[in-house]
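J.: Its first residue numbered 6, the sequence shown is counted upward by one per residue in our numbering.
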Amino acid sequence: MHRYTWILFFLFLQLFFAVQPCHRVVTSAAGRGRWQLLQKNIGIVAMHMQLLNNDRVVIYDRTDYGKSNISLPHGKCRNDSWELVIKYDCTAHSVEYDVLANKFRPLMVQTNVWCSSGAVVPDGSLIQTGGFNDGQRKVRTFYPCNGDCDWVETGDGLKARRWYATNHILPDGKQIIIGGRRQFNYEFYPKTSSPDVYSLPFLLQTNDRGSENNLYPFVFLNSDGNLFIFANNRAILFDYKTGKVVKTYPAIPGGDPRSYPSTGSAVLLPLKNLDAATIEAEVLVCGGAPKGSFEMATKRKSAERKFLKALDTCGRIKINEPSPQWVMETMPCARVMGDMTLLPNGVVLIINGAGDGTAGWENGRSPALNPVLYWPDGAAGSRFEPLNPSTIPRMYHSAAILLRDGRVLVGGSNPHSGYEFTRVLFPTELSLEAFSPPYLDSKNKYLRPKIVSSTASKGKYIGYGQKLWVRFKVIGKLKADMVSVTMVAPAFNTHSFSMNHRLLALRNEKVTYVRTSIYDIQVTTPSSGYLAPSGYYILYVVHQYIPSIGIWVKLYI
Numbered sequence: 006m007h008r009y010t011w012i013l014f015f016l017f018l019q020l021f022f023a024v025q026p027c028h029r030v031v032t033s034a035a036g037r038g039r040w041q042l043l044q045k046n047i048g049i050v051a052m053h054m055q056l057l058n059n060d061r062v063v064i065y066d067r068t069d070y071g072k073s074n075i076s077l078p079h080g081k082c083r084n085d086s087w088e089l090v091i092k093y094d095c096t097a098h099s100v101e102y103d104v105l106a107n108k109f110r111p112l113m114v115q116t117n118v119w120c121s122s123g124a125v126v127p128d129g130s131l132i133q134t135g136g137f138n139d140g141q142r143k144v145r146t147f148y149p150c151n152g153d154c155d156w157v158e159t160g161d162g163l164k165a166r167r168w169y170a171t172n173h174i175l176p177d178g179k180q181i182i183i184g185g186r187r188q189f190n191y192e193f194y195p196k197t198s199s200p201d202v203y204s205l206p207f208l209l210q211t212n213d214r215g216s217e218n219n220l221y222p223f224v225f226l227n228s229d230g231n232l233f234i235f236a237n238n239r240a241i242l243f244d245y246k247t248g249k250v251v252k253t254y255p256a257i258p259g260g261d262p263r264s265y266p267s268t269g270s271a272v273l274l275p276l277k278n279l280d281a282a283t284i285e286a287e288v289l290v291c292g293g294a295p296k297g298s299f300e301m302a303t304k305r306k307s308a309e310r311k312f313l314k315a316l317d318t319c320g321r322i323k324i325n326e327p328s329p330q331w332v333m334e335t336m337p338c339a340r341v342m343g344d345m346t347l348l349p350n351g352v353v354l355i356i357n358g359a360g361d362g363t364a365g366w367e368n369g370r371s372p373a374l375n376p377v378l379y380w381p382d383g384a385a386g387s388r389f390e391p392l393n394p395s396t397i398p399r400m401y402h403s404a405a406i407l408l409r410d411g412r413v414l415v416g417g418s419n420p421h422s423g424y425e426f427t428r429v430l431f432p433t434e435l436s437l438e439a440f441s442p443p444y445l446d447s448k449n450k451y452l453r454p455k456i457v458s459s460t461a462s463k464g465k466y467i468g469y470g471q472k473l474w475v476r477f478k479v480i481g482k483l484k485a486d487m488v489s490v491t492m493v494a495p496a497f498n499t500h501s502f503s504m505n506h507r508l509l510a511l512r513n514e515k516v517t518y519v520r521t522s523i524y525d526i527q528v529t530t531p532s533s534g535y536l537a538p539s540g541y542y543i544l545y546v547v548h549q550y551i552p553s554i555g556i557w558v559k560l561y562i
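Shown next, in the form of structure tokens:
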């Protein structure tokens, strides 16, 4: 195609996006968040991301994209006879991103990690499971370090093939791996008992013929030790120890699917009042695609393909109530393939995705460029707050995670079966951005806490049900009744779901004046691993919804 014709084509695309409702490219407004390009090209697509306790992020995509844009170090090459695209490959398909230095380095995965899952275990290492082709039963471990550490692969550590599965860390430090394509079951890692694979009929019951709509189920550890499992358009409370369904929840109103490929997102809202006899746990599910959307978007003939408007609703449900019911709300914009992230102040950020279509190759349209805040404690009807847009569409295979400094790391987007940079509607995106929510605005500097010290400083363990003191600084006027301490478990994020992500609000028991601008706050840590499984958390002091930079703490039995 002639160069000037392409110029006209891309001008048309900009006009097309500009007229889409809720997906406009607008001028940034003060106090609505700020975008920063961190890296133009990290060499791979940020399809999966996990923050580790050394402030480094492990990122990977898949080995069968073909060659990536970053070489393996020291002359390393993969030689994999099972590989479907390039059997002898000297490029990397994983990188480690150093947040503090804003640098990255290549890592080496031996087998295909495409559409896999994982969790950080109590010692701080990332255990990643499954993938595609020769990687479906593999287990890989990445131990945090400050040197040249790399992935360690342990072979067929899984009994079932896991592709599009969900992992969750358990109170005893093990992982449960649930579902995956054509897997209506679950298993544990590491292996300690038999049988090794356990049936979960709920996954078969939620499987839609032709589109599935039950992959990457939303899984949360409840305060009673059971698992809340949401797939397609409904959920159960599941006792994984006995294999029994404890409670069956009503289907989400409307009956439309919210799981991959009709991909919505979900979070467990902040856990509060942690010393109550029954702790209120509430799940929020947002976005997705209507029934039939996947089938319409994947018609063989391009003229027959239609990209239906995504869902614009969210549902909240209090999962511990005797007769729980969904409460529905309407978002400012429809969104499919969005990511939901818990911010340190307990507010939910909804980011990335599209306004039309579904997940899958070339199946999305109308980029959702504007992030949205969701204020869980706000008045019904006024909980959503649109923020400043990005200029980079983050479509299928995008990711977003919270960083320790309160920013959100955003990357990825590749709705193609390979790396495609030209002559496509949404080019493969190898960049990394940081989104700074409004609480990082400079106007808040006088109210922003700064942690000075803590009895949970790095290198020290904190136990369950223990008193914890944090010393902090606030330059401006302090409102003692608006100071809190939160603990956030960093997420493993892929395909619009942040696995293992949870926030605990520790009750403000006492704020003490120490000297000018310096204060101590006393709180009590969670009482059990049901509330907070052992491992590394980011601890924040929050003042008037403005969080400090966090510190790493290790909660341990």
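Backbone N, C-alpha and C fix where the C-beta goes; we use that ideal spot for every residue, glycine too.
Which ranges does the beta strand (DSSP E) cover as unbroken runs of at least 3 residues, wholly within the stretch 320 to 387, from first to last along the chain?
T.: You should have 332 to 335, 344 to 347, 353 to 356, 359 to 362, 369 to 372 and 377 to 379.
J.: Looking at R321 and E287, is the spacing between their C-beta atoms short of 8 Å?
T.: On the sequence shown, residue 287 is found 282 positions in, with the first residue counted as 1. On the sequence shown, residue 321 is found 316 positions in, with the first residue counted as 1. Yes, these two residues count as a Cβ contact at 8 Å.
J.: From what residue to what residue does the beta strand (DSSP E) around L242 run?
T.: Counting from one through the sequence shown, the residue named residue 242 turns up at place 237. Here the beta strand (DSSP E) through L242 covers R239 to D244.
J.: What does the Cβ neighbour count give for N84, buried or exposed, with the cut at 16 atoms within 10 Å?
T.: Position 79 of the sequence shown, counted from the first residue, corresponds to residue 84. Exposed is the call here.
J.: Which same chain residues end up closer than 7 Å to L435 when comparing Cβ atoms and leaving out the 5 residues on each side of it in sequence?
T.: For the purposes of this step, residue 435 is taken as the residue at position 430 of the sequence shown. For L435, where only same-chain residues beyond five positions count, the Cβ hits under 7 Å are N46, I47, G48, I49, V50 and N74.
J.: In the DSSP assignment, what are the bridge partners of F426?
T.: Along the sequence shown, read from residue 1 onward, the residue named residue 426 stands at position 421. In DSSP, F426 forms no bridge with anything.
J.: Does DSSP put I543 in a helix, a strand or coil?
T.: On the sequence shown, residue 543 is found 538 positions in, with the first residue counted as 1. Three-state result, I543: strand.
J.: Count the other CB atoms within 10 Å of the CB of V341; is the residue buried (16 or more) or exposed (fewer)?
T.: Along the sequence shown, one-based indexing puts residue 341 at 336. So V341 counts as buried.
J.: Starting from Q41, follow the beta strand (DSSP E) in both directions and report where the run begins and ends.
T.: One-based indexing of the sequence shown puts residue 41 at position 36. Taken as a continuous stretch (DSSP letters only), the beta strand (DSSP E) holding Q41 covers R39 to Q44.
J.: On a Cα-Cα basis, can you pick out the residue from A359, G178, D213 and D161 that is closest to R186?
T.: Taking the first residue of the sequence shown as 1, we reach residue 186 at position 181. It is D213 whose Cα lies nearest to the Cα of R186.
J.: Let me check understanding here. Comparing Cα to Cα, which of S204, D382, P552 and D155 lies closest to K246?
T.: Taking the first residue of the sequence shown as position 1, residue 246 is located at position 241. K246 has its Cα closest to that of S204, out of S204, D382, P552 and D155.
J.: Taking 6 Å as the limit between beta carbons, can you name the residues of its chain near L274, skipping five residues before and five after?
T.: Within the sequence shown, the letter at position 269 stands for residue 274. E287, L289 and P381.
J.: Would you kindly check if the distance between the Cβ of R476 and the Cβ of D525 is under 8 Å?
T.: Sequence index remark: in the sequence shown, residue 525 carries index 520 (1-based). Sequence index remark: in the sequence shown, residue 476 carries index 471 (1-based). Yes. Within cutoff.
J.: Helix, strand or coil for H548 per DSSP?
T.: Walking along the sequence shown from the start, residue 548 turns up at place 543. In the structure shown, H548 sits in a strand (DSSP, three-state: E or B).
J.: Once DSSP output is grouped into helix, strand and coil, what is the label at Y191?
T.: Translated into the one-based positions of the sequence shown, residue 191 becomes position 186. DSSP places Y191 in strand when its eight states are reduced to three.
J.: Following the continuous beta strand (DSSP E) through F389, name the residue where it begins and the one where it ends.
T.: The residue given as residue 389 occupies position 384 in the sequence shown. Start and end: F389 to P391.
J.: Please classify R305: is it buried, with 16 or more other beta-carbons within 10 angstroms of its beta-carbon, or exposed?
T.: Position 300 of the sequence shown, counting from 1, holds the residue named residue 305. By the neighbour-count rule (16 or more Cβ atoms within 10 Å), R305 is not buried but exposed.
J.: Under the assumption that I356 contacts V272 (Cβ atoms under 8 Å), give the Cβ distance between them as a whole number of angstroms.
T.: In the sequence shown, residue 356 corresponds to position 351, counting from 1. In the sequence shown, residue 272 corresponds to position 267, counting from 1. Going by Cβ atoms, the distance from I356 to V272 rounds to 12 Å, so no, they are not a contact pair.
J.: Using only CA atoms, which one of K81, G184 and L508 lies nearest to A1?
T.: Because the chain here runs from 6 to 562, residue 1 falls outside it and cannot be looked at.
J.: What residue does the beta strand (DSSP E) around M492 start on, and which one ends it?
T.: Working through the sequence shown from its first residue, we reach residue 492 at position 487. Where M492 is concerned, the enclosing beta strand (DSSP E) stretches over V488 to A494.
J.: Could you pull the start and end residues of the beta strand (DSSP E) that Q55 belongs to?
T.: Locating residue 55 in the sequence shown gives position 50, counting from the first residue. First-last of the beta strand (DSSP E) with Q55: H53 to L56.
J.: Hey, is the stretch 520 to 536 in contact with the stretch 482 to 490, meaning 3+ C-beta pairs nearer than 8 Å?
T.: Output reads yes: the stretch 482 to 490 touches the stretch 520 to 536.
J.: Please work out which residues of its chain come closer than 6 Å, Cβ to Cβ, to D244, disregarding the five sequence neighbours upstream and downstream, and give them in chain order.
T.: One-based indexing of the sequence shown puts residue 244 at position 239. Answer for D244: N231 and V251, listed in chain order.
J.: According to DSSP, is V30 part of a helix, a strand, or is it coil?
T.: As a first step, residue 30 must be located in the sequence shown, where it is residue number 25. With a pLDDT of 41 at V30, under the threshold of 50, the modelled position of that residue is not reliable, and no figure is offered here.
J.: Identify, in the order they occur along the chain, each residue of the same chain with its Cβ nearer than 6 Å to the Cβ of S130, setting aside the five sequence neighbours on each side.
T.: Here residue 130 refers to the residue found at position 125 of the sequence shown. If we look at S130 and ignore the five residues flanking it on each side, its Cβ neighbours are T146 and Y148.
J.: I need the straight-line Cα distance from T499 to M52, nearest angstrom please.
T.: The residue given as residue 499 occupies position 494 in the sequence shown. The residue given as residue 52 occupies position 47 in the sequence shown. Using only the alpha carbons, I get a separation of about 6 Å.
J.: Quick one: is G3 buried, meaning 16 or more other Cβ sit within 10 Å of its Cβ, or exposed?
T.: Outside the displayed span of the chain (6 to 562) sits residue 3, for which this structure offers no information.
J.: Starting from F477, trace the beta strand (DSSP E) both ways and give me its first and last residue.
T.: As a working mapping, residue 477 is identified with position 472 in the sequence shown. Residues K472 to K478.
J.: Measure the C-alpha to C-alpha separation of R166 and Q188 and round it to an integer number of angstroms.
T.: The residue you call residue 166 lines up with position 161 of the sequence shown. The residue you call residue 188 lines up with position 183 of the sequence shown. Cα to Cα, R166 sits roughly 8 Å from Q188.
J.: If you follow the beta strand (DSSP E) that L163 is part of, which residue opens it and which one closes it?
T.: What you label residue 163 is simply residue 158 of the sequence shown in a count that begins at 1. Here L163 belongs to no beta strand (DSSP E), and DSSP marks it neither H nor E.
J.: Count the other CB atoms within 10 Å of the CB of P454; is the residue buried (16 or more) or exposed (fewer)?
T.: Taking the first residue of the sequence shown as 1, we reach residue 454 at position 449. Result: buried.
J.: Hey, would you say L43 sits closer than 8 Å to L437, going by beta carbons?
T.: For this step, residue 43 is matched to residue 38 along the sequence shown. For this step, residue 437 is matched to residue 432 along the sequence shown. Closer than 8 Å, so yes.
J.: Using DSSP's beta-bridge definition, name the partner residues of L220.
T.: The residue given as residue 220 occupies position 215 in the sequence shown. Partner(s): Y265.
J.: Are the beta-carbon atoms belonging to S503 and T363 less than 8 Å from one another?
T.: Locating residue 503 in the sequence shown gives position 498, where the first residue counts as 1. Locating residue 363 in the sequence shown gives position 358, where the first residue counts as 1. For S503 and T363, no; Cβs fall outside 8 Å.
J.: Within the chosen definition, does the stretch 382 to 396 reach the stretch 416 to 429 through at least 3 CB pairs nearer than 8 Å?
T.: No, because fewer than three Cβ pairs between the stretch 382 to 396 and the stretch 416 to 429 fall closer than 8 Å, the two stretches do not touch.
J.: Exposed or buried, which one is W331 when buried takes at least 16 other CB atoms within 10 Å?
T.: In the sequence shown, residue 331 corresponds to position 326, counting from 1. W331 comes out buried.
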